[in-house]
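Q: After the structure tokens below, expect a handful of questions from me.
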Amino acid sequence: MEAQPAGGPEGSGDIGGRSLADRPLIVPLTITLLVMIIGMSLYQIAKYLLLPGLSLIKSNIITVFFSSTVATTAAYFILRRRQWLLQQILDELAARKKAEEKIKNLNKDLEYHITQLEAANSELESFSYSVSHDLRAPLRHIVGYADLLQKNSSSVLDETSCRYLQTIAGSAKRMGDLIDDLLTFSRIGRMEMQKTTFNVEQLVKEVLHDLQNETAGREIEWKIAPLPDVYGDRSLMRLALLNLISNAIKFSAPRSHAMIEIGLLQGKENEPAVFIRDNGVGFDMKYAHKLFGVFQRLHSAGEFEGTGIGLANVQRVIHRHGGRTWAEGAVGGGATFYFSIPNIRRMEDK
Amino acid sequence: MITELKRILLAEDDPRDVELIMTALADYNLANEVVVTYDGEETLNYLYNRGKFQGRPGGNPAVVLLDLKMPKVNGLEVLRQIRQDDQLKMTPVVVLTSSREEKDWVESYRLGVNAYVVKPVDFHEFVNAVKELGAFWAVINEPPPGSIGNMKRAI
Numbered sequence: 000m001e002a003q004p005a006g007g008p009e010g011s012g013d014i015g016g017r018s019l020a021d022r023p024l025i026v027p028l029t030i031t032l033l034v035m036i037i038g039m040s041l042y043q044i045a046k047y048l049l050l051p052g053l054s055l056i057k058s059n060i061i062t063v064f065f066s067s068t069v070a071t072t073a074a075y076f077i078l079r080r081r082q083w084l085l086q087q088i089l090d091e092l093a094a095r096k097k098a099e100e101k102i103k104n105l106n107k108d109l110e111y112h113i114t115q116l117e118a119a120n121s122e123l124e125s126f127s128y129s130v131s132h133d134l135r136a137p138l139r140h141i142v143g144y145a146d147l148l149q150k151n152s153s154s155v156l157d158e159t160s161c162r163y164l165q166t167i168a169g170s171a172k173r174m175g176d177l178i179d180d181l182l183t184f185s186r187i188g189r190m191e192m193q194k195t196t197f198n199v200e201q202l203v204k205e206v207l208h209d210l211q212n213e214t215a216g217r218e219i220e221w222k223i224a225p226l227p228d229v230y231g232d233r234s235l236m237r238l239a240l241l242n243l244i245s246n247a248i249k250f251s252a253p254r255s256h257a258m259i260e261i262g263l264l265q266g267k268e269n270e271p272a273v274f275i276r277d278n279g280v281g282f283d284m285k286y287a288h289k290l291f292g293v294f295q296r297l298h299s300a301g302e303f304e305g306t307g308i309g310l311a312n313v314q315r316v317i318h319r320h321g322g323r324t325w326a327e328g329a330v331g332g333g334a335t336f337y338f339s340i341p342n343i344r345r346m347e348d349k
Numbered sequence: 000m001i002t003e004l005k006r007i008l009l010a011e012d013d014p015r016d017v018e019l020i021m022t023a024l025a026d027y028n029l030a031n032e033v034v035v036t037y038d039g040e041e042t043l044n045y046l047y048n049r050g051k052f053q054g055r056p057g058g059n060p061a062v063v064l065l066d067l068k069m070p071k072v073n074g075l076e077v078l079r080q081i082r083q084d085d086q087l088k089m090t091p092v093v094v095l096t097s098s099r100e101e102k103d104w105v106e107s108y109r110l111g112v113n114a115y116v117v118k119p120v121d122f123h124e125f126v127n128a129v130k131e132l133g134a135f136w137a138v139i140n141e142p143p144p145g146s147i148g149n150m151k152r153a154i
């Protein structure tokens, strides 16, 4: 902030708090008088030494003229400096006032934006509340009545009509899933973070335990490196890891021998990043920018299940921690997902 | 021994939901003992024998299946009044709602709800949930003193 103007060339240190404004005019007058007396004496000495023949009147006139010129010049400069210092003070005061005004305006702006943000947040909250309450009900009715219709008229309906009814119910059900996913996504953005320090490796193990059903009957080789402590919201980070690891499990399903590696990337230039690598179907790097978008999918629903919210959730969690996510992959060559957050420790720091 | 059916009070403003719930309960022959109220005010009128329910057979329902978002008086307010009333406070209340919102279930439990059930979108899950609720609260569970089923049995 440029609230403090730079000091003058002669330094404004002598302005001090009490400052020149209070100093009486007597100072420059005293100095003038002193200069006059000194000048006169100097002249008398010089006169005797250099011009012994000068008359008394002449010499006195020259003395008065000479010393008053010197005194006036001195007084002039002293007054000017006084003026200049006063101006400096006035300028500084004006600048300070301006700066204060600026801060006041900035604060007002900030307050306005906070109010706006709070309003937007509460609107978002009531929006998702109403979505949660009102949008799911008609879907439930579509599914319910389609099902009842099928049950009541299965004897008269042909196969195609039955399939139509199933499609109606299936689509409504899917929309219900999408709405639930969107609500979760929105909740991740709004919920208050409760930060603690926890160990990522421990969290990974808990997530793997939760995913036992999905790994049952699969041959998966796990490689889990020692992972560091981080400072963040444990339940949000758990959700991010759950999404990343279940993706690795899902997209490596076509491999008879799946390999999933979870480790810490700690290059000298990069910030340390946790990565999850699989040898699954991978993706085309051309579409890497789409991976973390809401409901963006790089595979058809027939190939792999899912709505496409998982990685968007991951990115939102990491962004809320002030970190970033990225991915590398190749079609048929597996995929690696990275995330880094501030305060993630290098292993040797532990 | 004669098993009396205990009365279920279904507070639900959406007639389609009512129909679907009744269909599910009918599978367990539980539909006959269901009283439906279509908003919060009517629900309270039933519980307090007021308005069109004045002079109804006495006793509290064995369970109140309570929707949250209802006209006039919402479900949470109904729940609050039930829990503050000496005659009603022991009545089991199960919230049956579309809402998965945290503030709804936290507030419901804070007010002393007995269970909180989110209506599943999938119809089979929905039917199963309602059936199990009906069976548990109207058949398996022994309701508190003053409930309709007990009174009949006591006589």
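Residue numbers (numbering that gives the first Met the number 0), protein chains in the order written: chain X, 0 to 349; chain Z, 0 to 154.
Here a beta-carbon is modelled for each residue, glycine too, at the ideal position from N, C-alpha and C.
Could you tell me the alpha carbon to alpha carbon distance between Z:M0 and Z:S97, rounded to whole angstroms?
A: The count along the second sequence starts at 1 and reaches residue 0 of chain Z at position 1. The count along the second sequence starts at 1 and reaches residue 97 of chain Z at position 98. With a pLDDT of only 35 at Z:M0, under 50, the local geometry of the prediction cannot be trusted, and no value is derived from it.
Q: Taking only beta-carbon positions, decide if Z:R109 is within less than 9 Å of chain X.
A: Here the question's residue 109 of chain Z lines up with position 110 in the second sequence. Taking Cβ atoms only, chain X never reaches closer than 9 Å to Z:R109, which makes this a no.
Q: Once the 5 residues before and after X:M192 are set aside, which same chain residues still bring their CB inside 6 Å of it?
A: Position 193 of the first sequence, counted from the first residue, corresponds to residue 192 of chain X. If we look at X:M192 and ignore the five residues flanking it on each side, its Cβ neighbours are D232.
Q: Buried or exposed for Z:D103, please, with buried defined as at least 16 other CB atoms from any protein chain shown within 10 angstroms of its CB.
A: Counting from 1 along the second sequence, the entry for residue 103 of chain Z is found at position 104. Its Cβ being crowded by 16 or more others within 10 Å, Z:D103 is buried.
Q: Rounded to whole angstroms, what's the CA-CA distance from Z:V17 to X:T114? Just pull it up for me.
A: Along the second sequence, read from residue 1 onward, the residue named residue 17 of chain Z stands at position 18. Along the first sequence, read from residue 1 onward, the residue named residue 114 of chain X stands at position 115. Straight-line Cα distance between these residues: approximately 42 Å.
Q: Are the Cβ atoms of X:L263 and X:F274 separated by less than 9 Å?
A: As a working mapping, residue 263 of chain X is identified with position 264 in the first sequence. As a working mapping, residue 274 of chain X is identified with position 275 in the first sequence. In this structure, X:F274 lies closer than 9 Å to X:L263 by Cβ.
Q: Using a Cβ cut-off of 9 Å (strictly closer), state whether Z:P119 contacts chain X.
A: On the second sequence, position 120 is the one that residue 119 of chain Z refers to. Chain X contact via Cβ: present.
Q: Helix, strand or coil for X:A300, going by three-state DSSP, please let me know.
A: As a working mapping, residue 300 of chain X is identified with position 301 in the first sequence. Looking at X:A300 - three-state DSSP - the assignment turns out to be coil, as it is neither helix nor strand.
Q: Please name the residue, chosen from X:I37, X:L181, X:K96, that lies closest to X:G292 on a Cα-to-Cα basis.
A: Here residue 292 of chain X is taken as the residue at index 293 of the first sequence, counted from 1. The option with the nearest alpha carbon to X:G292 is X:L181.
Q: Tell me, please, whether the stretch 6-17 of chain Z touches the stretch 312-321 of chain X by the rule of three or more beta-carbon pairs shorter than 8 Å.
A: Output reads no: the stretch 312-321 of chain X does not touch the stretch 6-17 of chain Z.
Q: Is there a C-beta anywhere in chain X that falls below 9 Å from the one on Z:R15?
A: Looking up residue 15 of chain Z in the second sequence gives position 16. With 9 Å as the cut-off, Z:R15 counts as an interface residue toward chain X.
Q: Spatial neighbours of X:I178 within its chain, please: CB distance less than 7 Å, with the 5 preceding and 5 following residues excluded, ordered by chain position.
A: In the first sequence, the residue the question calls residue 178 of chain X occupies position 179. Excluding sequence neighbours, X:I178 sits near V130, L134, R135.
Q: May I ask you to report which of helix, strand or coil DSSP gives Z:E101?
A: Walking along the second sequence from the start, residue 101 of chain Z turns up at place 102. Looking at Z:E101 - three-state DSSP - the assignment turns out to be helix.
Q: Tell me, which residues are paired with X:V194 by DSSP?
A: Within the first sequence, the letter at position 195 stands for residue 194 of chain X. A small correction: the amino acid at residue 194 of chain X is Lys; Val does not occupy that position in the sequence shown. For X:K194, which the question treats as bridged, DSSP gives the partners X:D232.
Q: Smallest Cα separation from X:Y337: which of X:A287, X:M174, X:R217?
A: Numbered from 1 along the first sequence, position 338 holds the residue referred to as residue 337 of chain X. Of the candidates X:A287, X:M174, X:R217, the one whose C-alpha sits nearest the C-alpha of X:Y337 is X:A287.
Q: Looking at the structure shown, is X:T68 part of a helix, part of a strand, or coil, going by DSSP?
A: Indexing the first sequence from 1 puts residue 68 of chain X at position 69. X:T68 falls in the helix class under three-state DSSP.
Q: Hey, is Z:R79's beta-carbon within less than 9 Å of any beta-carbon in chain X?
A: As a first step, residue 79 of chain Z is located in the second sequence; it is residue number 80 there, counting from the start. So, not an interface residue.
Q: Mind listing which residues of the stretch 37-62 of chain Z have their C-beta closer than 8 Å to chain X's C-betas, in chain order?
A: Within the stretch 37-62 of chain Z, no residue qualifies.
Q: From this set, X:F294, X:A272, X:I259, which residue's C-alpha is nearest X:G281's C-alpha?
A: For this step, residue 281 of chain X is matched to residue 282 along the first sequence. Ranking X:F294, X:A272, X:I259 by Cα distance to X:G281 puts X:I259 first.
Q: Take Z:L64 and list the residues in its own chain whose beta-carbon comes closer than 6 Å to its own, dropping the five residues that flank it on each side.
A: As a working mapping, residue 64 of chain Z is identified with position 65 in the second sequence. Excluding positions up to five away in sequence, the list reads L9, V93, L95.
Q: For chain Z, find out if any of its Cβ atoms is closer than 9 Å to the Cβ of X:R162; answer yes or no.
A: What you label residue 162 of chain X is simply residue 163 of the first sequence in a count that begins at 1. No - not a single Cβ of chain Z is within 9 Å of the one on X:R162.
Q: Just confirm the distance between the C-beta atoms of Z:I7 and Z:A137, as a whole number of angstroms; I'd bet it's less than 8 Å.
A: Along the second sequence, one-based indexing puts residue 7 of chain Z at 8. Along the second sequence, one-based indexing puts residue 137 of chain Z at 138. Confirmed, about 5 Å.
Q: Does the beta carbon of X:L207 sit closer than 9 Å to a beta carbon anywhere in chain Z?
A: Position 208 of the first sequence holds residue 207 of chain X. So, not an interface residue.
Q: Would you list, in chain order, the members of the stretch 130-142 of chain X that have their beta-carbon closer than 8 Å to a beta-carbon of chain Z?
A: The residues in question are S131, H132, D133, R135, A136, L138, R139, H140, V142.
Q: Can you tell me whether X:A20 is buried or exposed, with buried defined as 16 or more other CB within 10 angstroms of its CB?
A: Mapped onto the first sequence, residue 20 of chain X falls at position 21. Because X:A20 sits at a pLDDT of 49, beneath the cut-off of 50, its placement in the model cannot be relied upon, and the point is left open.
Q: Do you know offhand how far X:R79's Cα is from X:A70's?
A: Position 80 of the first sequence, counting from 1, holds the residue named residue 79 of chain X. Position 71 of the first sequence, counting from 1, holds the residue named residue 70 of chain X. Approximately 14 Å, taken between the alpha carbons.
Q: Can you name the start and end residues of the alpha helix (DSSP H) that X:S170 belongs to?
A: Against the first sequence, residue 170 of chain X aligns to sequence position 171. Counting along the chain, the alpha helix (DSSP H) containing X:S170 begins and ends at 158-189.
Q: To which residues of the same chain is X:I340 closer than 8 Å at the C-beta, ignoring the five residues directly before and after it?
A: Position 341 of the first sequence, counted from the first residue, corresponds to residue 340 of chain X. Correct list, in chain order: V229, G231, I317, H320, G321, G322.
Q: Under a Cβ-count criterion, where at least 16 other Cβ atoms within 10 Å of its own Cβ denotes burial, should X:Y75 be classed as buried or exposed?
A: Numbered from its first residue, the first sequence carries residue 75 of chain X at position 76. Counting Cβ neighbours within 10 Å, X:Y75 comes out exposed, since fewer than 16 surround it.
Q: From X:M284 to X:E327, what distance separates their C-alpha atoms?
A: To locate residue 284 of chain X, count along the first sequence from 1; it is residue 285. To locate residue 327 of chain X, count along the first sequence from 1; it is residue 328. If you take the alpha carbons of X:M284 and X:E327, they lie about 7 Å apart.
Q: Reducing DSSP to helix, strand and coil, say where Z:L46 ends up.
A: On the second sequence, residue 46 of chain Z is found 47 positions in, with the first residue counted as 1. Note: Z:L46 maps to helix in three-state DSSP.
Q: Give me the residue from X:R254, X:T29, X:I56 with the minimum Cα distance to X:D277.
A: Translated into positions along the first sequence, residue 277 of chain X becomes position 278. Checked all of X:R254, X:T29, X:I56; the closest Cα to X:D277 is X:R254.
Q: Spatial neighbours of Z:Y108 within its chain, please: CB distance less than 8 Å, with the 5 preceding and 5 following residues excluded, ordered by chain position.
A: As a first step, residue 108 of chain Z is located in the second sequence; it is residue number 109 there, counting from the start. Same-chain partners within the cutoff: Y115.
Q: Taking CB distances under 9 Å as the criterion, tell me whether X:R254 reaches chain A.
A: Considering every chain present, this structure includes no chain A. Its protein chains are X and Z.
Q: What residues in its chain sit with their C-beta under 7 Å from that of X:L243, if we drop five residues either side in the sequence?
A: As a first step, residue 243 of chain X must be located in the first sequence, where it is residue number 244. Answer for X:L243: I275, V313, F336, listed in chain order.
Q: Check whether the stretch 66-74 of chain Z touches the stretch 40-51 of chain Z, taking contact to mean three or more Cβ pairs, one atom from each stretch, closer than 8 Å.
A: Because the criterion of three Cβ pairs below 8 Å is met, the stretch 66-74 of chain Z and the stretch 40-51 of chain Z touch.
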